[in-house]
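Colleague: Numbering of the sequence shown is given in our numbering, commencing with residue 889 and proceeding in unit increments. Every residue, glycine too, gets a C-beta built ideally from N, C-alpha and C.
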Amino acid sequence: MTRYILLLCSLFCFRFTSFSQIQPAESQKIRRFEFALNITNSISRFAGNGAKNVTEDPYIIAVKWTNKKQNLALRLGFNQFYNTQTTDLFGGSRTSREWYFSPLIGIEKRVQLDKHFMFYFGLDGRTGTKKNTTVSFFNNFGRQEIIEDETSYGAGPFCGFAWKINPRVMLYTEANFYINYKLVKRQYDDGMTKTILENSKKITLNPVIPTSLFLAVNF
């Protein structure tokens, strides 16, 4: 019985020692691939608040690839949403559809402040496509449709802070300042004639403060 107890103790000590030796090696392993997810709206809904404007965020999903020194990263992401709404009107109805997609590519420089905190900055390039369609049906006027198409191209700097929860998981937030060139076209169609309501080109400046929270996992 004594030998059995000593054997169990020896096995436990060996397993604990092996695990202790593996843990530092695992934490020091260089992981160069990151998957990031925008969790801002999830937290807002959980707290009972309304969802924020998705178009203000640089991306909802992104992947990042870092160099061996972990001080540079290439990032690819996209922002996207689709919304449809139907309203019953007196003598008719109105249906609105909104679709938006915006891919992004950028490079970021990382500065490790201490074991857990990191500052980063860089430059993004992006493009975007947005389409709004409003269709109304009235008994006396038939079908009426307003279509708005918007295409944009932009670029600008960004910066942010990250907090490493552990070697594989971190939270971060960032601010950006994009300059966008937009092509906007609005058209009215009543089934018989089409009328151009707007056909314009715009340059916009969109500074965004750090109001989004991202969760990143390293692989």
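Taking one C-beta from the segment 1021 to 1031 and one from the segment 1000 to 1008 each time, how about it: are there three or more such pairs within less than 8 Å?
Modeller: No, the segment 1021 to 1031 does not touch the segment 1000 to 1008.
Colleague: Measure the Cβ-Cβ separation of K1019 and I995 and say whether it is below 9 Å.
Modeller: No; because the gap between Cβ atoms is not below 9 Å, this pair is not in contact.
Colleague: Helix, strand or coil: how does DSSP classify R933 here?
Modeller: DSSP places R933 in helix when its eight states are reduced to three.
Colleague: State buried or exposed for P1095, treating a residue as buried only when at least 16 other CB atoms are found within 10 Å of its CB.
Modeller: Exposed, because fewer than 16 other Cβ atoms sit within 10 Å of the Cβ of P1095.
Colleague: Who pairs with G1042 in a beta bridge, going by DSSP?
Modeller: Beta-bridge pairing links G1042 to R1014 and N1068.
Colleague: Would you list the residues sitting across from S990 in a DSSP beta bridge?
Modeller: Note: S990 sits in a beta bridge opposite N967.
Colleague: By DSSP's criteria, E944 is part of a beta bridge. Which residues make up the other side?
Modeller: Answer is none; E944 lacks a bridge partner.
Colleague: Run through DSSP, which three-state label would T975 get?
Modeller: Three-state DSSP puts T975 in a strand.
Colleague: Using the beta-carbon count (16 or more within 10 Å), is R1014 buried or exposed?
Modeller: The residue is buried, with at least 16 neighbouring Cβ atoms inside 10 Å.
Colleague: Thinking C-beta only, is T1021 closer than 9 Å to L1071?
Modeller: No. Outside cutoff.
Colleague: How many whole angstroms separate the CB atoms of Y1060 and F1049, which I take to be in contact at a CB cut-off of 8 Å?
Modeller: That pair is a contact at about 6 Å.
Colleague: Helix or strand or just coil, what does DSSP make of I1091?
Modeller: If DSSP states are grouped into helix, strand and coil, I1091 belongs with the strands.
Colleague: How would you label T954, buried or exposed, when you count the other beta carbons within 10 angstroms and need 16 or more for buried?
Modeller: Its Cβ being crowded by 16 or more others within 10 Å, T954 is buried.
Colleague: Run through DSSP, which three-state label would T928 get?
Modeller: Looking at T928 - three-state DSSP - the assignment turns out to be helix.
Colleague: Excluding the 5 residues flanking K1090 on each side, which residues of the same chain have their C-beta closer than 7 Å to its C-beta?
Modeller: K1070 and V1072.
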